[in-house]
Amino acid sequence: MGGLNLFFSVIFGGWILSSTVLLTIVGSLAIFWLDAHYLQLDLVVQLSQAQIWHNYLQIWRYLFWFPQRWLHLDNFHSSVQGLEHFHEVQLLIGAVVILWFITTIILLVLVIKHQLSKVLVTQQFFLGGLLWLPLVILACALIDFEDLFIGFHHLLFRNNYWIFDALKDPVINMLPDTFFWHCFIVAAVIFELLTLILWWTAKRKKKANPNAIS
């Protein structure tokens, strides 16, 4: 039973994480649009708001259009290292999409077999602990977001291509740290809400069935 509980902890954790990433990327459309106007990015990159939005959509579509090997932007030139970094991000998102499909299918099987509630009850302690994760990371970000941001990149990437030179990859001027900070906040909120919903559901189910295994 312990091994099975661990398996489902991985499944729920993977589903929450992948759902958070994908929902944040979708939400980044609204975040970028607001930031582009609030931060007056048109004055920074010397392009119109319409052109800035068009180029961000090109990035956004590229990240999900896996057959496209290299990113092309209409209003920005890119270095080989910059293009490689975008491709690495695309590959990571591809892995997240695969993780989301696998975990979602497993959870749907549990729904079809009417086992989801039973399994969810066994995950109450795990989900309760998971609730603290975004709070701890958010606290670290509030102390020093730059160090957290750098550490995040060192964890995910084996090279330093993510360190953009604005002369070689001017698109970085369109993607300020403030934008990523806002995306991070949204991701933390989404992660917390998804985990809280599952934890509350598990708690409610266990209360209805006190003999359930936890």
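The opening position of the sequence shown corresponds to residue 0 in numbering that gives the first Met the number 0, with each subsequent residue numbered one higher.
No residue lacks a Cβ here, since even glycine has one placed at the ideal position from N, Cα and C.
Candidates the options: which alpha carbon is nearest residue i's?
i	options	result
V25	T102, V185 and L38	V185
L126	T19, L137, F65 and W199	W199
D164	F124, G150, L134 and F75	F75
N158	V88, A207, K204 and K167	V88
F178	T23, L3 and L134	T23
S5	N172, I101 and Q122	Residue identity differs from the one stated: residue 5 is Leu in this sequence, not Ser. The candidate whose alpha carbon is nearest that of L5 is Q122.
S116	S17, V9 and R203	R203
H152	L195, H181, L91 and W69	L91
A187	F100, L130 and V110	L130
L33	I196, L119 and H181	H181
Y37	P175, A201 and K205	P175
L21	A207, Q67 and A94	A94
S8	G150, K205 and L197	L197
A201	Q114, L3 and I142	Q114
I136	G12, A35, F183 and H53	F183
G12	L28, V43, T102 and L40	T102
I171	S17, P66, W99 and Q80	Q80
H53	F31, P66 and L3	F31
Would you mind reading off the limits of the alpha helix (DSSP H) that contains residue i?
i	result
D143	W131 to L155
L38	Note, L38: premise wrong, no alpha helix (DSSP H); not H, not E.
K204	D176 to A207
A215	The requested residue 215 is not part of the displayed model; the chain covers only 0 to 213.
Q50	Q48 to F63
Can you give the beta carbon distance from residue i to residue j, rounded, assuming they're within the 8 Å contact cut?
i	j	result
F124	I15	The Cβ separation is near 15 Å, so there is no contact.
Q57	L72	6 Å
Y61	F85	7 Å
M173	I51	6 Å
L193	T19	7 Å
L82	W69	5 Å
L106	I10	7 Å
S77	D146	So it is not a contact: roughly 27 Å between Cβ atoms.
L28	W59	7 Å
Mind pulling the beta strand (DSSP E) runs of 3 or more residues that sit fully within the stretch 65–125? none
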